[in-house]
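When the letters of the sequence shown are read in order and numbered with mature numbering (1 follows the signal peptide of the UniProt record, and there is no 0), they come out as residues -22 to -1, 1 to 589. Built from N, CA and C at the ideal position, the CB exists for glycine as well. Keep in mind the model is a prediction, meaning the values are calculated, not measured. Below is one structure, written out as structure tokens, with a few remarks after it.
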Amino acid sequence: MKVFLNVVVVLLALVSLEEVTSHGVQPLSKIAIEKAVIALDNKAFIKASPSVLGVNEENKEWITLTYSSSRPSINDWIGVFSPANFSSSTCLPENPRVGPPYLCTAPIKYQFANFSNPTYKDTGKGSLKLLLINQRSDFSFALFSGGVSNPKLVSVSNTVSFANPNAPLYPRLAQGSTWNEMTVTWTSGYGLDEAEPFVEWGRKGGQQIRSLAVTLTFDRNTMCGAPARTVGWRDPGFIHTGFLKELWPNSVYTYKLGHKLFNGTYVWSGIYKFKASPYPGQNSIQRVIIFGDMGKDEEDGSNEYNNFQRGSLNTTKQLISDLKNYDIVFHIGDLTYANGYLSQWDQFTSQIEPIASRVPYMIASGNHERDWPDTGSFYGNMDSGGECGVLAETMFFVPAENRAKFWYSTDYGMFRFCVADSEHDWREGTEQYKFIEHCLASVDRQKQPWLIFIAHRVLGYSSTDFYANEGSFAEPMGRDDLQKLWQKYKVDIAFYGHAHSYERTCAVYQNICTNNEKHYYKGSLNGTIHVVAGGGGASLADFSILQPKWSIFRDSDYGFVKMTAFDHSNLLFEYKKSRDGKVYDSFRISRDYRDILACAVDSCPSTTLAS
Ligand SMILES: [Fe+2]
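If you want it as structure tokens, here you go:
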């Protein structure tokens, strides 16, 4: 019996270990690239065609690989490398006494040789279709034996490149620091000594003007650790941001990205359009999408490991197909899960381009963007893979005073959003706490009745299993200090990610439901509704067995949230699944201004008996 129990304990330990290790593991990190050895085989080959991509200015294109091995195995795999020259000449040894490994850069994607060829292990012959995006460099394809843990390089292909690898790509809009400013950020291969970057823009059909853009980049030394500083490093190119100012509310604008080369010629992107944001307090229909933890996934099936980010493409496709029906997106942390493999940021910005080039794509910082030991992050884990926030802070614009401290406020018509940075200390007495209080306190609720708090980690309420196991049903210390701010300033809804699921609470304060309603709130909420919308696409999380009283709807599936403000008194909240875009949970709030002013526990200013 004792032996049996021991076996059960060991099995349970293995199961929980598997859960821990499978969560958040970047597929590229499964490749022991630094152990790779050369085992070139003259009888093996790998060929890629076509060798020139983007001849009609496409930014992504399918290629076909054909390959053959004299000693095939089901573990053989194909790595896509970019730049095409991936030998040790591209890196220096960390220790001068030890030479660099033959390969010192991870592939940008990989696939097993038998993926589309069940007979590969017998015939040694195969072919594979892969989707490439323009990432500023050429590509080569390498056939490996030995699996991903002991890679042996058997054959390398011809080189493939895009007609213009430097082209301006992947525009992403974000709200500027004032309501009537839109920013557009993009990536190119043109440095400041090659071309001037600018945005040409104007009212649709009207006069177009040019605004110069600013340019940022960074080098390997900016990364805080491995793999971002080692095998995951890849030149990020140049990241440009243009500031489009004095926009007319709700007007449609067109824009295109340009680079004026010093020989006088121009390189242009395609033409895009967006609708300018409403004035704070403006009474018009305003529709907001919120989700966290989406990550990216590959349409060609490459990089698949443990269903890591399987839901990501469904969420993206659902949002692309519904583009006409929302106005602004909040992706509230854990954006790419690049985890230090920098190539993945291009692939992420490419995946979301149809959305982000059309509506403001506002982000928050998550553990996978920021956390790294001994670098000032509140959590000392290694979730960012050495990126320590640099990629998120550079690749996306947010209207923060200091983008390294990722908290900011932004107004959208009748909404005020206070976006916190859960990877920096938020407790009372900190700089961030002061910011949060100022953001909540400085809004005129008659003009902007819908007050929203956002953070990546769950600072409010969640019954996901790992928070239940902590005993706090949230990030430890999460709501200790903040709940008095949410209550005092009457925050309507607080949103979080991090727990990969959907959960909605009652209107709650100090663990007690302040309102018995579940679907149609009339009058004052008397508390805040907390929502976890972390099912954007990364591997799903489970809930605690016991459902706390404050938890009124929970679903471990991929999905996102939509809020529609019809006017100053009516808000519709909907949770939709990514797989079909249908609504699976919803509620309404109907109330008047006096309901916001009404006193709830701990929420009223002092009064005097004097008249
Ligand atoms: Fe997270």
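Ligand 1 heavy atom lying under 6 Å from the CB of residue i
i      : result
Gly344 : yes
Asp312 : yes
His476 : yes
Beta-carbon contacts of residue i that lie in its chain and below 7 Å, excluding the five residues immediately before and after
i        : result
Glu448   : Pro454
Asp570   : Ser547
Ala382   : Gly367 and Glu371
Tyr445   : Val436, Phe451, Ala452 and Ala477
His508   : Gly438, Tyr439, Ala472, Thr483 and Val486
Asp545   : Asn261
Tyr339   : Arg150, Leu151, Ala152, Val307, His309, Ile330 and Ile333
Asn(-17) : Bear in mind that a pLDDT of 48 at Asn(-17), under 50, signals an unreliable position, so the number given afterwards is only what the model happens to contain. If we look at Asn(-17) and ignore the five residues flanking it on each side, it has no Cβ neighbours.
Val(-15) : With a pLDDT of 42 at Val(-15), under the threshold of 50, the modelled position of that residue is not reliable, and no figure is offered here.
Ile574   : Arg423, Pro427 and Lys468
Phe393   : Gln264, Val266, Gln426, Trp428, Ile430 and Ala543
Contact set for residue i: own chain, Cβ-Cβ below 6 Å, skip 5 residues either direction
i           : result
Phe23       : Ser46 and Ser133
residue 609 : Lying before the first or after the last residue shown, residue 609 is absent from the chain, which here runs from -22 to 589.
Ser335      : Pro149 and Tyr250
Arg566      : Tyr498 and Leu550
Gln329      : Lys274 and Thr294
Val266      : Ile306 and Met541
Asp389      : Trp157 and Pro258
Asn95       : Gly104
Gly220      : Val162, Val177, Ser189 and Ala191
residue 594 : In this structure the chain extends from -22 to 589, so residue 594 is not present and cannot be described.
Ser139      : Asp116
Ser556      : Gly289, Asn292, Thr293, Gln296, Tyr536 and Gly537
Counted within 10 angstroms of its Cβ, other Cβ atoms place residue i as buried (16 or more) or exposed
i           : result
Thr250      : Here residue 250 is Tyr; the residue named in the question, Thr, does not match the sequence. So Tyr250 counts as buried.
Gln488      : exposed
Ile268      : buried
residue 596 : The chain is shown from -22 up to 589; residue 596 falls before or after that span and cannot be answered.
Pro146      : buried
Gln185      : exposed
Phe240      : exposed
Ala14       : buried
Glu36       : exposed
Arg114      : buried
Asp271      : buried
Cys577      : exposed
Asn345      : buried
Ile52       : exposed
Val209      : buried
Ile263      : exposed
Ala398      : buried
Pro583      : exposed
Ala588      : exposed
Ser27       : exposed
Lys554      : buried
Glu224      : exposed
Contacts around residue i, its chain only, beta-carbon distance under 8 Å, and the 5 residues preceding and following it disregarded
i       : result
Arg405  : Tyr411, Met455, Asp458 and Asp459
Trp323  : Pro214, Thr314, Ala316, Leu369 and Met373
Ile530  : Arg482, Thr483, Cys484 and Lys496
Arg49   : Asp19, Gly102 and Ser123
Thr(-2) : Caution is warranted here: a pLDDT of 36 is assigned to Thr(-2), below 50, making its placement in the model unreliable, and the coordinate value is therefore given only provisionally. Excluding residues within five positions, none has a Cβ falling inside 8 Å.
Met201  : Arg207, Trp211, Gly318, Gly364, Glu365, Cys366 and Val368
Thr585  : none
Ala511  : Ile268, Phe269, Gly270, Ile310, Phe473, Tyr474, Gly475, Tyr480, Gly537, Phe538, Val539 and Tyr553
Glu409  : Lys383
Below-7 Å beta-carbon distance, residue i vs any chain C residue
i      : result
Lys560 : Absence of chain C from the displayed structure is noted, only one protein chain being present.
- Message: With a threshold of 8 Å, are at least 3 pairs of Cβ atoms found where one atom belongs to the stretch 280 to 299 and the other to the stretch 417 to 426?
- Response: no
- Stretch-stretch touch, CB-based, cutoff 8 Å, three pairs: the stretch 426 to 440 with the stretch 362 to 381: no
- May I have a chain-ordered list of the alpha helix (DSSP H) segments no shorter than 4 residues that lie completely inside the stretch 453 to 481? 456 to 466
- Output the residue ranges of the beta strand (DSSP E) runs that lie fully inside the stretch 204 to 238 and measure 3 residues or longer, sorted by chain position. 216 to 222
- Query: Is there contact between the stretch 45 to 59 and the stretch 290 to 303, where contact requires at least three CB pairs shorter than 8 Å?
  - Reply: no
- Message: Report the start-end ranges of each alpha helix (DSSP H) in the stretch 246 to 320 that is 4 residues or longer and not cut off at the edges.
- Response: 290 to 299
- Query: In chain order, which beta strand (DSSP E) runs of at least 3 residues are fully inside the stretch 152 to 189?
  - Reply: 160 to 166 and 173 to 181
- Task: Jot down the residue ranges of each uninterrupted beta strand (DSSP E) in the stretch 10 to 79, minimum 3 residues, whole runs only, in chain order.
- Result: 23 to 27, 38 to 46 and 55 to 59
- Task: Enumerate, from N- to C-terminal direction, the unbroken beta strand (DSSP E) stretches of 3 or more residues contained entirely within the stretch 390 to 458.
- Result: 393 to 397 and 428 to 432
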